[in-house]
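Read the structure below first, then the notes.
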Amino acid sequence: MKKHSIKDIAQLSGVSVATVSRVINNNGRFSEETRRKVLQVIEETGYHTNYNAKGLRMKRSYAIGIIVPDITNYFFAKLIENIEGLLFEKGYSAIICNTARNSQKEKSYLAMLENKGVDGMIIISGAEIFSFPSHEGKTPPYICIDREPESLSDTVFISSDHKDGAVQAANFLFDSGCRQPLILTHSLLTQTGQKRLQGFIQALADHQLDFQEQLNHISLDRDNPAAYDQAARFLTSHPEIDGIFAINDLLAIEIQNVIIQTGLNKRHYKIVGFDDSPMVSLTAPKISSIRQDIPKLAEISVEKILQLLQGSNDLGKMFSVPVQLIKR
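Start counting at 1 in the sequence shown, then tack on 137, and there's your number in this note's numbering.
The following block contains the structure:
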(Lines of atoms letter the chains of each structure in order from A; the text may use other names.)
(Lines give C-alpha, C1' and ligand atoms only; values in the text may rest on other atoms or scores of the structure.)
Protein backbone atom coordinates (compact mmCIF):
# COMPACT_ATOMS: atom_id res chain seq x y z
CA MET A 138 0.00 0.00 0.00
CA LYS A 139 1.38 3.39 -1.02
CA LYS A 140 2.36 5.70 1.82
CA HIS A 141 0.74 9.03 1.04
CA SER A 142 2.21 12.43 1.84
CA ILE A 143 0.42 15.62 2.70
CA LYS A 144 1.07 16.75 -0.89
CA ASP A 145 -0.82 13.68 -2.15
CA ILE A 146 -3.76 14.53 0.12
CA ALA A 147 -3.79 18.10 -1.19
CA GLN A 148 -3.71 16.94 -4.81
CA LEU A 149 -6.46 14.36 -4.34
CA SER A 150 -8.60 16.89 -2.45
CA GLY A 151 -8.07 19.66 -4.97
CA VAL A 152 -6.80 22.10 -2.36
CA SER A 153 -3.45 23.50 -1.27
CA VAL A 154 -1.04 21.83 1.15
CA ALA A 155 -1.62 24.76 3.51
CA THR A 156 -5.37 24.08 3.50
CA VAL A 157 -4.83 20.39 4.28
CA SER A 158 -2.57 21.41 7.15
CA ARG A 159 -5.22 23.78 8.51
CA VAL A 160 -7.88 21.05 8.36
CA ILE A 161 -5.63 18.51 10.11
CA ASN A 162 -4.76 20.98 12.85
CA ASN A 163 -8.28 22.43 12.96
CA ASN A 164 -6.69 25.84 12.81
CA GLY A 165 -7.43 28.71 10.46
CA ARG A 166 -10.20 29.35 7.95
CA PHE A 167 -11.75 26.75 5.65
CA SER A 168 -15.28 25.80 4.67
CA GLU A 169 -17.18 22.84 6.06
CA GLU A 170 -17.29 21.38 2.54
CA THR A 171 -13.50 21.60 2.31
CA ARG A 172 -13.10 19.99 5.71
CA ARG A 173 -15.34 17.05 4.74
CA LYS A 174 -13.55 16.61 1.42
CA VAL A 175 -10.08 16.57 2.98
CA LEU A 176 -11.11 14.24 5.82
CA GLN A 177 -12.72 11.86 3.33
CA VAL A 178 -9.51 11.66 1.30
CA ILE A 179 -7.51 11.14 4.49
CA GLU A 180 -9.82 8.26 5.47
CA GLU A 181 -9.74 6.69 1.99
CA THR A 182 -5.95 6.82 1.73
CA GLY A 183 -5.22 5.85 5.32
CA TYR A 184 -3.03 8.91 5.69
CA HIS A 185 -1.81 9.72 9.17
CA THR A 186 0.36 12.46 10.57
CA ASN A 187 3.75 11.58 12.00
CA TYR A 188 3.24 13.31 15.33
CA ASN A 189 6.75 12.62 16.55
CA ALA A 190 8.29 14.45 13.61
CA LYS A 191 5.60 17.10 13.69
CA GLY A 192 6.11 17.58 17.42
CA LEU A 193 9.85 18.07 16.98
CA ARG A 194 9.28 20.65 14.25
CA MET A 195 6.64 22.58 16.16
CA LYS A 196 8.01 21.92 19.67
CA ARG A 197 4.79 20.24 20.71
CA SER A 198 3.95 16.84 22.18
CA TYR A 199 0.29 16.77 21.10
CA ALA A 200 -0.48 15.39 24.55
CA ILE A 201 -2.75 16.84 27.24
CA GLY A 202 -2.42 15.79 30.88
CA ILE A 203 -5.62 15.25 32.86
CA ILE A 204 -5.53 15.32 36.67
CA VAL A 205 -8.54 13.64 38.31
CA PRO A 206 -9.16 12.81 42.01
CA ASP A 207 -11.10 9.56 41.57
CA ILE A 208 -11.31 7.70 38.27
CA THR A 209 -13.93 5.32 39.70
CA ASN A 210 -16.41 8.18 40.23
CA TYR A 211 -19.15 8.03 37.58
CA PHE A 212 -19.13 11.74 36.81
CA PHE A 213 -15.35 11.99 36.53
CA ALA A 214 -15.14 8.84 34.39
CA LYS A 215 -17.80 10.05 31.93
CA LEU A 216 -16.28 13.52 31.78
CA ILE A 217 -12.84 12.10 30.99
CA GLU A 218 -14.34 9.76 28.40
CA ASN A 219 -15.91 12.75 26.63
CA ILE A 220 -12.78 14.91 26.91
CA GLU A 221 -10.50 12.14 25.65
CA GLY A 222 -12.76 11.54 22.66
CA LEU A 223 -12.78 15.21 21.68
CA LEU A 224 -9.01 15.52 22.13
CA PHE A 225 -8.51 12.46 19.92
CA GLU A 226 -10.63 14.06 17.19
CA LYS A 227 -8.32 17.08 17.33
CA GLY A 228 -5.17 14.98 17.05
CA TYR A 229 -4.22 15.00 20.73
CA SER A 230 -3.65 12.14 23.15
CA ALA A 231 -4.68 12.26 26.80
CA ILE A 232 -2.48 11.25 29.73
CA ILE A 233 -4.88 10.50 32.60
CA CYS A 234 -3.53 10.77 36.14
CA ASN A 235 -5.68 9.48 39.03
CA THR A 236 -4.55 11.11 42.29
CA ALA A 237 -6.86 9.08 44.57
CA ARG A 238 -7.47 12.37 46.42
CA ASN A 239 -3.83 12.39 47.55
CA SER A 240 -2.27 15.87 47.39
CA GLN A 241 1.30 14.53 47.34
CA LYS A 242 0.46 12.20 44.48
CA GLU A 243 -1.06 15.15 42.64
CA LYS A 244 2.17 17.14 43.00
CA SER A 245 4.17 14.20 41.68
CA TYR A 246 1.86 13.84 38.69
CA LEU A 247 2.12 17.56 37.91
CA ALA A 248 5.91 17.31 37.89
CA MET A 249 5.79 14.17 35.76
CA LEU A 250 3.50 15.75 33.18
CA GLU A 251 5.75 18.80 32.94
CA ASN A 252 8.79 16.57 32.50
CA LYS A 253 7.01 14.70 29.73
CA GLY A 254 6.46 18.02 28.00
CA VAL A 255 2.68 17.91 27.70
CA ASP A 256 1.25 20.84 25.79
CA GLY A 257 -1.36 21.59 28.43
CA MET A 258 -3.26 20.23 31.41
CA ILE A 259 -6.87 19.83 32.51
CA ILE A 260 -7.33 19.87 36.29
CA ILE A 261 -10.57 18.24 37.49
CA SER A 262 -12.08 18.86 40.94
CA GLY A 263 -10.43 18.53 44.33
CA ALA A 264 -10.80 19.71 47.91
CA GLU A 265 -8.00 22.27 47.85
CA ILE A 266 -7.47 25.44 45.82
CA PHE A 267 -5.29 24.52 42.85
CA SER A 268 -1.84 25.95 42.30
CA PHE A 269 1.27 24.65 40.62
CA PRO A 270 4.08 23.77 43.03
CA SER A 271 6.48 26.71 43.17
CA HIS A 272 9.35 26.34 40.73
CA GLU A 273 11.23 28.39 38.24
CA GLY A 274 10.17 28.43 34.64
CA LYS A 275 6.91 28.72 32.77
CA THR A 276 4.12 26.26 33.52
CA PRO A 277 2.15 24.77 30.62
CA PRO A 278 -1.31 26.22 29.87
CA TYR A 279 -4.03 24.65 32.00
CA ILE A 280 -7.74 24.91 32.72
CA CYS A 281 -9.63 24.02 35.91
CA ILE A 282 -12.92 22.12 35.98
CA ASP A 283 -14.76 22.35 39.33
CA ARG A 284 -11.46 23.30 40.98
CA GLU A 285 -10.95 26.86 42.15
CA PRO A 286 -7.55 28.13 41.01
CA GLU A 287 -5.28 30.12 43.26
CA SER A 288 -4.91 32.67 40.48
CA LEU A 289 -7.84 32.89 38.07
CA SER A 290 -5.80 35.16 35.80
CA ASP A 291 -3.53 32.19 35.02
CA THR A 292 -6.23 29.86 33.79
CA VAL A 293 -9.83 29.31 32.66
CA PHE A 294 -12.38 28.06 35.20
CA ILE A 295 -15.23 25.83 34.04
CA SER A 296 -17.96 24.44 36.27
CA SER A 297 -21.52 23.23 36.43
CA ASP A 298 -23.89 25.50 38.34
CA HIS A 299 -23.68 23.42 41.52
CA LYS A 300 -25.36 25.98 43.73
CA ASP A 301 -28.41 26.18 41.47
CA GLY A 302 -28.48 22.39 41.27
CA ALA A 303 -28.75 22.22 45.05
CA VAL A 304 -31.51 24.84 45.02
CA GLN A 305 -33.41 22.77 42.44
CA ALA A 306 -32.95 19.63 44.54
CA ALA A 307 -34.15 21.27 47.75
CA ASN A 308 -37.11 22.92 46.01
CA PHE A 309 -38.06 19.50 44.63
CA LEU A 310 -38.13 18.14 48.19
CA PHE A 311 -40.33 21.01 49.35
CA ASP A 312 -42.61 20.62 46.32
CA SER A 313 -42.90 16.92 47.18
CA GLY A 314 -44.31 17.81 50.60
CA CYS A 315 -41.15 17.76 52.71
CA ARG A 316 -41.06 20.22 55.59
CA GLN A 317 -37.73 19.45 57.24
CA PRO A 318 -35.13 18.21 54.72
CA LEU A 319 -31.45 17.66 55.39
CA ILE A 320 -28.32 17.56 53.25
CA LEU A 321 -26.05 14.51 53.29
CA THR A 322 -22.38 15.21 52.55
CA HIS A 323 -18.91 13.79 53.02
CA SER A 324 -16.89 15.12 55.94
CA LEU A 325 -14.26 16.54 53.59
CA LEU A 326 -16.16 18.80 51.23
CA THR A 327 -14.75 19.51 47.80
CA GLN A 328 -15.34 22.95 46.32
CA THR A 329 -18.32 21.57 44.42
CA GLY A 330 -19.68 20.13 47.67
CA GLN A 331 -19.35 23.50 49.34
CA LYS A 332 -21.34 25.12 46.51
CA ARG A 333 -24.06 22.50 46.86
CA LEU A 334 -24.22 23.09 50.62
CA GLN A 335 -24.56 26.84 49.98
CA GLY A 336 -27.40 26.23 47.54
CA PHE A 337 -29.22 23.98 50.00
CA ILE A 338 -28.95 26.58 52.77
CA GLN A 339 -30.25 29.25 50.38
CA ALA A 340 -33.25 27.10 49.43
CA LEU A 341 -34.12 26.58 53.10
CA ALA A 342 -33.97 30.34 53.65
CA ASP A 343 -36.23 30.86 50.62
CA HIS A 344 -38.79 28.66 52.40
CA GLN A 345 -38.43 30.57 55.69
CA LEU A 346 -36.54 27.71 57.29
CA ASP A 347 -33.37 28.30 59.29
CA PHE A 348 -30.50 25.95 58.51
CA GLN A 349 -29.48 24.17 61.71
CA GLU A 350 -26.16 22.36 61.41
CA GLN A 351 -27.13 19.77 64.04
CA LEU A 352 -30.47 19.03 62.37
CA ASN A 353 -30.24 19.75 58.64
CA HIS A 354 -26.79 18.34 57.90
CA ILE A 355 -25.30 14.86 58.15
CA SER A 356 -21.57 14.74 57.39
CA LEU A 357 -20.17 11.25 56.79
CA ASP A 358 -16.55 10.13 56.89
CA ARG A 359 -16.08 8.12 53.69
CA ASP A 360 -13.35 6.04 55.39
CA ASN A 361 -15.43 5.11 58.44
CA PRO A 362 -17.36 1.80 58.05
CA ALA A 363 -19.70 2.82 60.88
CA ALA A 364 -20.69 6.11 59.24
CA TYR A 365 -24.02 4.83 57.91
CA ASP A 366 -24.93 3.29 61.25
CA GLN A 367 -24.48 6.77 62.70
CA ALA A 368 -26.72 8.18 59.97
CA ALA A 369 -29.40 5.60 60.78
CA ARG A 370 -29.27 6.48 64.48
CA PHE A 371 -29.55 10.16 63.59
CA LEU A 372 -32.64 9.61 61.45
CA THR A 373 -34.21 7.38 64.11
CA SER A 374 -33.80 10.11 66.73
CA HIS A 375 -35.08 12.88 64.42
CA PRO A 376 -38.49 11.79 63.10
CA GLU A 377 -39.13 15.33 61.88
CA ILE A 378 -36.67 14.80 59.00
CA ASP A 379 -38.66 13.85 55.90
CA GLY A 380 -36.40 14.63 52.94
CA ILE A 381 -32.75 14.05 52.05
CA PHE A 382 -30.56 15.79 49.48
CA ALA A 383 -27.41 13.71 48.98
CA ILE A 384 -24.62 15.65 47.26
CA ASN A 385 -23.90 12.70 44.96
CA ASP A 386 -25.79 9.66 43.73
CA LEU A 387 -23.67 7.11 45.57
CA LEU A 388 -24.54 8.75 48.89
CA ALA A 389 -28.20 8.84 47.86
CA ILE A 390 -28.22 5.11 47.07
CA GLU A 391 -26.35 4.17 50.23
CA ILE A 392 -28.61 6.20 52.53
CA GLN A 393 -31.68 4.73 50.82
CA ASN A 394 -30.31 1.22 51.45
CA VAL A 395 -29.72 2.08 55.11
CA ILE A 396 -33.27 3.41 55.43
CA ILE A 397 -34.72 0.22 53.93
CA GLN A 398 -32.50 -2.14 55.94
CA THR A 399 -33.36 -0.45 59.24
CA GLY A 400 -37.09 -0.26 58.56
CA LEU A 401 -37.08 3.53 58.43
CA ASN A 402 -38.68 3.43 54.97
CA LYS A 403 -42.06 3.41 56.71
CA ARG A 404 -41.53 7.13 57.15
CA HIS A 405 -41.50 7.58 53.36
CA TYR A 406 -38.44 9.78 52.99
CA LYS A 407 -38.04 11.67 49.73
CA ILE A 408 -34.46 11.44 48.42
CA VAL A 409 -32.70 13.34 45.64
CA GLY A 410 -29.11 12.87 44.46
CA PHE A 411 -26.64 14.64 42.21
CA ASP A 412 -25.01 13.51 38.90
CA ASP A 413 -27.90 11.41 37.50
CA SER A 414 -25.77 8.30 37.17
CA PRO A 415 -27.39 5.16 35.66
CA MET A 416 -27.55 3.57 39.13
CA VAL A 417 -30.32 5.85 40.42
CA SER A 418 -32.78 4.63 37.78
CA LEU A 419 -32.16 1.01 38.84
CA THR A 420 -32.92 1.41 42.54
CA ALA A 421 -36.26 0.61 44.14
CA PRO A 422 -37.67 3.12 44.52
CA LYS A 423 -35.91 5.11 41.81
CA ILE A 424 -34.09 8.26 42.90
CA SER A 425 -34.46 11.72 41.37
CA SER A 426 -31.16 13.43 40.65
CA ILE A 427 -29.50 16.55 39.28
CA ARG A 428 -27.97 15.95 35.84
CA GLN A 429 -24.79 17.72 34.82
CA ASP A 430 -24.30 18.44 31.12
CA ILE A 431 -21.16 16.33 30.71
CA PRO A 432 -20.88 16.70 26.90
CA LYS A 433 -21.07 20.49 27.22
CA LEU A 434 -18.48 20.57 30.01
CA ALA A 435 -16.14 18.45 27.89
CA GLU A 436 -16.76 20.55 24.78
CA ILE A 437 -15.95 23.83 26.53
CA SER A 438 -12.94 22.32 28.29
CA VAL A 439 -11.31 20.99 25.11
CA GLU A 440 -12.15 24.15 23.21
CA LYS A 441 -10.57 26.37 25.86
CA ILE A 442 -7.40 24.35 26.44
CA LEU A 443 -6.72 24.21 22.70
CA GLN A 444 -7.41 27.92 22.37
CA LEU A 445 -4.94 28.61 25.17
CA LEU A 446 -2.35 26.60 23.26
CA GLN A 447 -2.96 28.89 20.30
CA GLY A 448 -2.44 32.00 22.43
CA SER A 449 -6.04 33.06 23.08
CA ASN A 450 -6.74 35.77 25.65
CA ASP A 451 -9.35 33.79 27.61
CA LEU A 452 -7.23 33.68 30.77
CA GLY A 453 -9.24 34.81 33.77
CA LYS A 454 -12.60 33.81 32.30
CA MET A 455 -15.21 31.65 34.04
CA PHE A 456 -17.81 29.45 32.35
CA SER A 457 -20.86 28.07 34.15
CA VAL A 458 -22.89 25.21 32.65
CA PRO A 459 -26.58 24.83 33.67
CA VAL A 460 -27.81 21.64 35.37
CA GLN A 461 -31.19 19.90 35.22
CA LEU A 462 -33.36 18.10 37.75
CA ILE A 463 -34.42 14.64 36.54
CA LYS A 464 -37.55 13.64 38.42
CA ARG A 465 -38.36 10.02 39.17
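Think of the CB as a built atom: it goes at the ideal place given N, C-alpha and C, for glycine as much as any other residue.
Given residue i as reference, the closest of the options once Cα atoms are compared
{"i": "Pro-277", "options": "Gly-302, Lys-253 and Glu-265", "result": "Lys-253"}
{"i": "Lys-140", "options": "Ala-383, Asn-394 and Glu-181", "result": "Glu-181"}
{"i": "Phe-213", "options": "His-323, Asn-394, Ile-260 and Ala-200", "result": "Ile-260"}
{"i": "Leu-352", "options": "Arg-316, Pro-206 and Arg-159", "result": "Arg-316"}
{"i": "Val-417", "options": "Ile-390, Lys-433 and Ile-266", "result": "Ile-390"}
{"i": "Leu-321", "options": "Ile-266, Glu-377 and Leu-387", "result": "Leu-387"}
{"i": "Ala-306", "options": "Asn-235, Ile-381 and Arg-238", "result": "Ile-381"}
{"i": "Pro-422", "options": "Leu-434, Lys-433, Gly-453 and Val-409", "result": "Val-409"}
Status (buried if at least 16 other CB within 10 Å, exposed otherwise) for residue i
{"i": "Leu-357", "result": "buried"}
{"i": "Thr-209", "result": "exposed"}
{"i": "His-299", "result": "buried"}
{"i": "Lys-332", "result": "buried"}
{"i": "Met-258", "result": "buried"}
{"i": "Gln-345", "result": "exposed"}
{"i": "Ser-414", "result": "buried"}
{"i": "Arg-284", "result": "buried"}
{"i": "Asn-189", "result": "Reliability fails at Asn-189, whose pLDDT of 48 lies under 50, so the model's placement of it is uncertain and the value that follows must be treated cautiously. Looking at its Cβ environment, which holds fewer than 16 other Cβ atoms inside 10 Å, Asn-189 is exposed."}
{"i": "Thr-327", "result": "buried"}
{"i": "Thr-373", "result": "exposed"}
{"i": "Ala-248", "result": "exposed"}
{"i": "Lys-407", "result": "buried"}
{"i": "Ala-383", "result": "buried"}
{"i": "Gln-393", "result": "buried"}
{"i": "Pro-362", "result": "exposed"}
{"i": "Ala-303", "result": "buried"}
{"i": "Ile-338", "result": "buried"}
{"i": "Pro-206", "result": "buried"}
{"i": "Ile-266", "result": "exposed"}
Unbroken alpha helix (DSSP H) run spanning residue i, endpoints
{"i": "Thr-329", "result": "328 to 343"}
{"i": "Gly-222", "result": "211 to 226"}
{"i": "Tyr-184", "result": "Unbroken run through Tyr-184: none, as it is neither H nor E."}
Three-state secondary structure (DSSP) of residue i
{"i": "Thr-308", "result": "This sequence places Asn at residue 308; Thr is not what is there. Three-state result, Asn-308: helix."}
{"i": "Asn-189", "result": "At Asn-189, the pLDDT of 48 sits below 50, so the modelled position is not reliable and the matter cannot be decided from this model."}
{"i": "Phe-371", "result": "helix"}
{"i": "Ser-153", "result": "coil"}
{"i": "Gly-302", "result": "helix"}
{"i": "Ser-158", "result": "helix"}
{"i": "Leu-443", "result": "helix"}
{"i": "Val-395", "result": "helix"}
{"i": "Lys-144", "result": "helix"}
{"i": "Thr-420", "result": "coil"}
{"i": "Ala-435", "result": "helix"}
{"i": "Pro-286", "result": "strand"}
{"i": "Lys-407", "result": "strand"}
{"i": "Leu-346", "result": "coil"}
{"i": "Pro-318", "result": "strand"}
{"i": "Ile-280", "result": "strand"}
{"i": "Ser-390", "result": "Strictly speaking, residue 390 in this sequence is Ile, with Ser absent from that position. Three-state result, Ile-390: helix."}
{"i": "Leu-452", "result": "coil"}
Opening and closing residue of the beta strand (DSSP E) in which residue i lies
{"i": "Ala-231", "result": "230 to 235"}
{"i": "Arg-428", "result": "425 to 429"}
{"i": "Ala-200", "result": "200 to 205"}
{"i": "Gln-461", "result": "460 to 463"}
{"i": "Ala-363", "result": "Looking at the DSSP string, Ala-363 is not in any beta strand (DSSP E), and its letter there is neither H nor E."}
{"i": "Ser-240", "result": "Run containing Ser-240: none in the beta strand (DSSP E); it sits in the alpha helix (DSSP H), 240 to 253."}
{"i": "Ala-383", "result": "380 to 383"}
{"i": "Gly-257", "result": "257 to 261"}
{"i": "Ser-296", "result": "293 to 297"}
*Is the region 166 to 175 touching the region 144 to 157 in the sense that three or more CB pairs, one from each, lie closer than 8 Å?*
yes
*Could you tell me whether the region 429 to 446 touches the region 289 to 297, where touching means 3 or more Cβ pairs closer than 8 Å?*
yes
*Cβ pair count under 8 Å reaching 3, the region 399 to 407 against the region 221 to 230*: no
_With three or more C-beta pairs closer than 8 Å as the rule, is the region 414 to 429 touching the region 454 to 463?_
yes
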